[in-house]
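First residue of the sequence shown: 1, per the UniProt record's numbering; consecutive thereafter.
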Amino acid sequence: MAGVGSLVLAIVLLFVLIFLASAIKIVKEYERAVIFRLGRVVGARGPGLFFIIPLFEKAYIVDLRTRVLDVPVQETITKDNVPVKVNAVVYFRVVDPVKTVTQVANYIMATSQIAQTTLRSVIGQAHLDELLSEREKLNMELQKIIDEATDPWGIKVSTVEIKDVELPAGMQKAMARQAEAERERRARITLAEAERQAAEKLREAAEIISEHPMALQLRTLQTISDVANDKSNVIVLPLPMEMLKLFKSLAEVSEAAKKVMEEGKR
């Protein structure tokens with residue numbers, strides 16, 4: 001009888017230990033436990049150590065850390081009828097574990113599906129130029145729409161980023177030709193502006209030389225000095241401007257003398 005009593009006591013102690021072990025719960029700092037008592041939610045507990053009533057209460061552990069969701073490639077058509085392939089990445093976290101457990105069966109899958117449909121919808125309402133040059137604006141619009149859709153589930157979407165945009169080969173060639181034409185246009189404008197500035201400087205130089213004739217002689221001497229560095233060149237020195245003026249003056253004096261002599265003979 002003593003052996004039977006000891007066996008019963010051991011069995012009872014074993015059940016008590018199992019009962020206590022199932023009543024003790026520990027959750028990490030980044031986790032919360034949503035407690036159901038007889039099928040009804042009584043709240044979230046944690047982090048740390050807490051107790052539940054076995055058989056009457058059940059705990060569902062929810063991770064509160066930020067998750068990274070890779071949105072698969074979506075094929076869609078932009079507002080200006082250009083087919084594109086776009087993928088994105090979504091950063092979200094659980095802010096209300098009770099809503100996350102009670103309002104949606106699989107919040108990760110649900111968020112993924114919302115992100116995919118929203119990505120196709122937003123890209124379909126944007127032009128190709130906006131998709132390529134105003135990506136930050138589209139990212140903010142995606143984040144706002146997805147965050148509003150997942151808010152009833154206790155989920156906060158912090159960031160949405162469009163990663164890659166794949167264009168058809170024909171469109172890539174057309175854009176390359178457009179970019180080349182734009183660069184050519186800018187090059188011609190730059191060249192024309194340089195010619196205009198050069199013409200302005202030449203006009204200013206001509207005005208200075210006309211006011212100071214010696215400047216032309218100094219420029220001539222500078223040119224001769226530059227050419228003289230190459231011994232293979234033949235340099236022809238022009239007459240100074242003063243010599244030409246002297247010859248002109250002598251010719252005028254000679255004409256005046258001839259006129260005086262002719263009048264004297266008369």
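Just so it is clear, CB atoms sit at the ideal spot from N, CA and C, and this is done for glycine as well.
| query | What's the C-alpha gap between Phe56 and Val42? | reply | Going by the C-alpha atoms only, they are around 12 Å apart.
| field | Alpha carbon of Leu119 to alpha carbon of Glu195, nearest angstrom | value | Taking the straight line joining both Cα atoms gives about 50 Å.
| Every unbroken alpha helix (DSSP H) inside the UniProt domain "Band 7" (22 to 179) [4 residues or more] | Taken in chain order, the whole alpha helix (DSSP H) runs of length 4 or more contained in the UniProt domain "Band 7" (22 to 179) are 97 to 103, 107 to 124, 128 to 133, 135 to 150.
| Assigned exposure category for Pro97 - 16 Cβ within 10 Å defines buried | Counting C-beta atoms within 10 angstroms of its own C-beta, Pro97 has 16 or more neighbours from the protein chains shown and is therefore classed as buried.
| Buried/exposed call for Leu7, threshold 16 Cβ in 10 Å | With fewer than 16 Cβ atoms within 10 Å of its Cβ, Leu7 is classed as exposed.
| query | Anyone know if the C-beta pair for Leu142 and Val122 falls short of 8 Å? | reply | Yes, Cβ-Cβ distance for Leu142 and Val122 is below 8 Å.
| query | Whose C-alpha, out of Ile208, Trp153, Gln178, is nearest the C-alpha of Met109? | reply | With respect to the C-alpha of Met109, the residue from Ile208, Trp153, Gln178 having the closest C-alpha is Trp153.
| field | C-alpha distance - residue 276 paired with Lys99, whole-angstrom precision | value | Missing from the structure shown is residue 276; the chain here goes from 1 to 266 and no further.
| Whole-angstrom distance between Arg177 and Lys137, CA atom to CA atom | So the two alpha carbons sit approximately 27 Å from each other.
| said: Suppose contacts are defined by Cβ-Cβ distances below 8 Å. Is Lys25 in contact with Pro47 by that definition? | reply: No, the Cβ-Cβ distance between Lys25 and Pro47 is not below 8 Å.
| Whole-number beta carbon distance between Arg93 and Thr66, since they are thought to touch under 8 Å | Taking C-beta atoms under 8 Å as the contact rule, Thr66 and Arg93 qualify, at a distance of about 4 Å.
| message | Judging by CA-CA distance, which residue of Thr159, Ile146, Ile18, Ala206 is the nearest neighbour of Val68? | response | That would be Thr159, whose Cα lies nearest to the Cα of Val68.
| said: Tell me the rounded alpha-carbon separation between Ala10 and Leu17. | reply: Taking the straight line from one Cα to the other gives about 10 Å.
| Out of Gln74, Gly39, Phe36, Arg40, which has the shortest C-alpha to C-alpha gap to Ile162? | Measuring from the Cα of Ile162, the nearest candidate turns out to be Gln74.
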